[in-house]
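First the structure, in the form of structure tokens, and then the observations on it.
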Amino acid sequence: AQSVTQLDSQVPVFEEAPVELRCNYSSSVSVYLFWYVQYPNQGLQLLLKYLSGSTLVKGINGFEAEFNKSQTSFHLRKPSVHISDTAEYFCAVSDTGQTGANNLFFGTGTRLTVIP
Amino acid sequence: KAGVTQTPRYLIKTRGQQVTLSCSPISGHRSVSWYQQTPGQGLQFLFEYFSETQRNKGNFPGRFSGRQFSNSRSEMNVSTLELGDSALYLCASSQTLYRDTGELFFGEGSRLTVL
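Chains A and B supply the protein sequences, listed in that same order.
Quick note: the first sequence uses this note's numbering, first residue -8, plus one each step.
Quick note: the second sequence uses this note's numbering, first residue 24, plus one each step.
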């Protein structure tokens, strides 16, 4: 079974500063990796995903993430944050099997607060 | 194109009652998944339906059940409610069962409070 660890429950950062949200996963099989964002009182929205190929993945709103297989990590980064990036961010993992068992396992989330 | 619609958005129940939540997926999507979101446990997978059949199930007691109709709309039911069932219940729809070809689109959730 897969599991996801987001070590930082809260990350405060000043506007226009860079940010990194950490995500580590454990799995004995190949995985797909995802980052989702949840704004207050809304559902989750996909930021980016890693399926295969290049380990650097670019997503929406200027975010990017790098898949590191040896460190089993998939950290999310943005070089310059904006007030509107304040939200909860979730890392998720899914196995790559084709047996129908493709449910996502989510981390507990990181609340990013951008300070003006 | 309309997004995933969940009803009701908010509801309050008392212990022992039952509740039914509804989810209308994006048009053309045949897969519907349900997740429970709580501050302590985060997001936990409940079950996934595809073409009216439950294809995958999370680790929840039998009080949690669901179904999917021929138009892909889905309902989940929780019987004999407990205080710990208070949560945001999120529904997500997808074109396929597979996460590489089927992105999950989430609704805004149904917030259940059990008193």
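Every residue, glycine too, gets a C-beta built ideally from N, C-alpha and C.
Predicted model only: the values in this text are computed from it and were never measured.
query: Range covered by the beta strand (DSSP E) that runs through B/Cys114; result: Ala110 to Ser117
query: A/Asp86 (DSSP reduced to helix, strand or coil); result: strand
query: B/Gly125: first and last residue of the uninterrupted beta strand (DSSP E) it sits in; result: Where B/Gly125 is concerned, there is no enclosing beta strand (DSSP E), given that its DSSP letter is neither H nor E.
query: Neighbour list for A/Gly64 in chain B, Cβ cutoff strictly below 9 Å; result: Here the sequence assigns Ser to residue 64 of chain A, which means Gly is not the residue at that position. In chain order: nothing, as chain B lies at least about 19 Å away.
query: Given B/Ala25 as reference, the closest of B/Gln64, B/His52 and B/Tyr121 once Cα atoms are compared; result: B/His52
query: Residue from A/Val(-5), A/Thr(-4), A/Glu11 and A/Leu(-2) whose Cα sits closest to the Cα of A/Asp76; result: A/Glu11
query: Same chain, Cβ closer than 6 Å to B/Thr119, five either side skipped, listed in chain order; result: Gly125
query: Closest by C-alpha distance to A/Lys40, when choosing among A/Thr46, A/Leu24 and A/Pro31; result: A/Leu24
query: DSSP three-state assignment for A/Asn52, whether helix, strand or coil; result: helix
query: DSSP three-state assignment for B/Ile35, whether helix, strand or coil; result: strand
query: Contact check, A/Asn15 vs A/Ser64, beta carbons under 7 Å; result: yes
query: Contact set for B/Pro31: own chain, Cβ-Cβ below 7 Å, skip 5 residues either direction; result: Ser133
query: DSSP state of A/Ser61 mapped onto helix, strand, coil; result: coil
query: 7 Å CB neighbourhood of A/Val(-5) in its chain, flanking five on each side removed; result: Cys14, Tyr16, Cys82, Ala83, Val84, Phe96, Phe97 and Gly98
query: Beta strand (DSSP E) runs contained entirely in the stretch 47 to 99 of chain B, provided each spans 3 or more residues; result: 54 to 61, 65 to 73, 76 to 80 and 87 to 91
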